[in-house]
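**Q** Here it is, the structure, as structure tokens.
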Amino acid sequence: MKGFFITGTGTGVGKTIVTIILGLYLKSKGYENTIALKPIESGCNKISNVLIPHDGSLLKEMLKQSESLDVITPIRYERPLSPFAASLIEGNAFDKDLLIKHINDISIRYDRLLIEGIGGLMVPLDNKYFVYNLIKDLTLPVIIIAQA
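Per the numbering used here: the sequence shown ends with 149, consecutive numbering throughout.
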């Protein structure tokens, strides 16, 4: 798997902007077959009973990605909380094995993979699994975004 995991020191530090800029840069340098994913997103808007991911939608639109939002952002929560907290309230449990399989399956079809994390390194995805665990399991180099 070739690419980067983009994380931050917290929420709202610019991960989505950096992911878009990096995706555009890679495409401009000949890596047209690049995909950017935001595999987990909370705080999604509910429209006609469907959760619409804000950041996932931006990645799709700005990078002109043909994949569906279900591929770009497969795990979505309505409440703007950590995935673990949102999953407890919304009854939608996080399945790390399913997520890792999804990302690995996608990576086979693309030359470069950009993964935008949710929040910072210590955000809980379930009661024992955090963003830093996901990064370790994916074995991608990390870019950490911080406010200046």
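Idealized CB from N, CA, C, for every residue including glycine.
#1: Bridge partners for ARG113 per DSSP, in chain order?
#2: My understanding is that ILE116 touches PRO40, with C-beta atoms under 8 angstroms, so please give their C-beta distance in whole angstroms.
#3: Expressed to the nearest angstrom, what Euclidean distance is found between the alpha-carbon atoms of ALA147 and LEU59?
#4: Can you list, in chain order, the residues of its chain whose CB lies under 7 angstroms from that of ASP56, leaving out five sequence neighbours each side?
#5: Between GLY24 and the rest of its own chain, which residues show a CB-CB distance below 7 angstroms, the 5 nearest in sequence each way excluded?
#6: Could you tell me whether the Cβ atoms of GLY9 and GLY121 are closer together than 8 angstroms?
#7: Taking the beta strand (DSSP E) that LEU122 falls in, what are its first and last residues?
#8: Along the chain, where does the alpha helix (DSSP H) containing THR20 start, and where does it finish?
#9: Check the DSSP bridge columns for VAL51 and list the partner residues they point to.
#10: PRO81 to ILE90, Cα distance in whole Å?
#11: Please report the Cβ distance between VAL124 and SER83, rounded to the nearest whole angstrom; I am assuming they are in contact, meaning their Cβ atoms lie under 8 angstroms.
**A** Quick answer:
#1: THR35
#2: 7 angstroms
#3: 20 angstroms
#4: THR17, LYS39, GLU42, GLU117
#5: THR35, ALA37, LEU64, LEU115
#6: yes
#7: Careful: LEU122 lies outside any beta strand (DSSP E) and carries neither H nor E.
#8: 16–29
#9: ILE48
#10: 11 angstroms
#11: 5 angstroms
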